[in-house]
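Note sheet for the following structure.
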Amino acid sequence: MSKIENRKSKIKKPLRIALIASDYAPTIGGVQTAVRHIARNARARGHAVIILSSLPGNAPAREPVDDVWVYRFPWGRQPLWSLPFRAIATLVGMARALRAFKPDVVYVHFLTINALYVLLLHYLWRFRLVVSARGNDIQGIPLRSRLQRWMLTRLFARADAILFCSAYVQRDAAPYLTRASPRAYVGVVGDGFDPDEFRESRPYDHSTPYILAMGRLVYKKGFDLLIRAFAQIAAEYPRIHLLIAGDGEERVALERLIDELKMRERIVLLGFADRATSLALFWGCEFFVLSSRVEPFGIVVAEAMAAGKAVLATKSGGVIDLMQAGVNGLLVEPDVDALADGLRALLAQPDATRAMGERARQTIQRHTWAAVTDEFLQVFERVRR
């Protein structure tokens, strides 16, 4: 367990915060990581926190995790025949948990089915409500779900504060903000990283120098663009490999592309990497590449920078908030030729690339989870007042 810096909060009276997460432990993912760090840092500052989340598999309906009580509810859509009964049970259970806790603020992190239940409760019982969209809940799900579009518009109309992980996501949420209250606070609070994870360097053991990319193997992440770009410059830098960590639906297609380009000896798809391996990969790479076509925030970019690595990133969204082109990395268009040029630029001047990495470590410090939690807490206190 990493240490949490217990700084004095500007908030004099402790808050009672109910975090409503679309998913949480024992499952693993970005939402779970963010909620865990927000809860732990808020607790370290003396605030009371509970978490309400989905009920996966055989997990208990109620248990403490990291000294925070977690309440789980069967709000998933499947199986459909039992949905009405589970929906009623979920609404009643959530209402009981919230009324017993008496929160100053109900905070919804990532707006899917969890937010729909909170919206329904808000029609029955008015409480201070803060909602936070984190990417796919604005840029993906609403494109195929009329219910999501309906829910977002009405949720934003009732919220006391509306947050986004980046200005890029806030821009795409404009159609759903038309009915937001003029009194509601609307702003950006991004994601973060845990600096304690990056205090000790244990580089990944690989036979040759390598460039690193990491993420789910899906179309929007643009790994096909990166593979084609690396193939363009591979002959110029014969000792350099490209390692891609992650798994997903595009893996078979990417393997096929690597074979077509005759890059099997130079490009390695590592598959899923656990946390220790991921950190080692960051420490050991020459620099990190984000090749996304769309990227709401870019937490892997923050983590690469925390490891002291320069970043080559596409101008694909929220990552622009993290980057200072020519200072801590390079920004390029999300296409093959631009990525190839960026790879050449960083590989051709290794000393300058390492210097960018050192500056990256310095510029990312304002995005620690402790600092991010303080931003959330200031919004919560504003809403309480």
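Here the sequence shown is numbered in our numbering, starting from 1 and rising by one per residue. Just so it is clear, CB atoms sit at the ideal spot from N, CA and C, and this is done for glycine as well.
In summary, Thr208 is exposed, with fewer than 16 beta-carbon neighbours lying within 10 Å of its beta-carbon over all protein chains present. The shortest CA-to-CA distance from Phe156 to any of Ser145, Ile138, Ser166 is the one to Ile138. The beta carbons of Ser145 and Val108 sit about 17 Å from each other, so the pair does not count as a contact at 8 Å. Boundaries of the alpha helix (DSSP H) harbouring His37: 30 to 44, taken from the DSSP string.
Judged by DSSP in its simplified three-state form, Leu322 adopts coil rather than helix or strand.
For Glu260, the closest C-alpha among the options Ala231, Asp351, Ala280, Phe193 is that of Ala231.
Pro296 and Cys165 do touch by the CB rule: their CB atoms are close to 5 Å apart, below 8 Å. With at least 16 other beta carbons inside 10 angstroms of its own, Val319 counts as buried. Under the three-state reduction of DSSP, Ile20 is assigned to strand. In this chain, the alpha helix (DSSP H) harbouring His122 covers 113 to 124.
Of the residues Arg199, Val268, Asp172, Gly317, the one whose Cα lies closest to the Cα of Lys220 is Gly317.
Note on Trp369: 16 or more other CB atoms within 10 angstroms of its CB, so buried under the neighbour-count rule.
Sequence-distant partners of Tyr168 (beyond 5 residues in either direction) whose C-beta falls short of 6 Å from its own C-beta, in its chain, are Gly317, Gly318.
When DSSP reads this structure, Trp69 sits in a beta bridge with Ile50, Pro64. In this structure, Ile113 is the residue among Ile113, Gly284, Arg216 with its C-alpha nearest to the C-alpha of Ala21. In the DSSP assignment, Met214 falls outside any alpha helix (DSSP H) and lies within the beta strand (DSSP E) extending over 210 to 214. By the CB criterion at 9 Å, Leu226 and Val289 fall inside the cutoff. Between the alpha carbons of Ser291 and Gly222 lies a distance of about 5 Å. Per DSSP, the unbroken beta strand (DSSP E) holding Thr314 starts and ends at 311 to 314. Taking C-alpha positions only, Ile162 is separated from Arg43 by approximately 22 Å. Taken atom to atom, the span from the alpha-carbon of Ser278 to that of Leu212 is near 10 Å. Partner residues in the beta bridge of Glu295, as assigned by DSSP, are Gly317. Here the alpha carbon of Val379 sits roughly 48 Å from the alpha carbon of Arg266.
Closest option to Gly187, judged by alpha-carbon separation, among Asp160, Pro195, Ala97: Asp160.
Three or more beta-carbon pairs separated by less than 8 Å link the stretch 303 to 313 to the stretch 345 to 361, which places the two stretches in contact. About 6 Å separates the Cβ atoms of Gly298 and Leu322, confirming a contact at the 8 Å cut-off. Going by C-alpha positions, Phe101 is about 11 Å away from Trp69. With fewer than 16 neighbouring CB atoms inside 10 Å of its own CB, Lys13 falls in the exposed class. The alpha-carbon separation between Arg179 and Asp172 amounts to approximately 15 Å. Counting along the chain, the unbroken alpha helix (DSSP H) around Tyr168 starts and ends at 167 to 172. The C-alpha of Gln170 is placed about 11 Å away from the C-alpha of Val189. Judged by their CB atoms, Val106 and Val118 are nearer to each other than the 9 Å cut-off. Exposure of Gln365 is indicated by the presence of fewer than 16 other C-beta atoms within 10 angstroms of its C-beta. A check of alpha carbon separations from Gly246 across Glu197, Val268, Arg256, Leu121 identifies Val268 as the nearest. Across the structure, Ala371 and Ser181 are spaced so that their CA atoms are roughly 28 Å apart.
The residues Leu52, Arg62, Ala97, in chain order, have a CB closer than 6 Å to that of Tyr71 in the same chain once the five nearest residues on each side in sequence are set aside.
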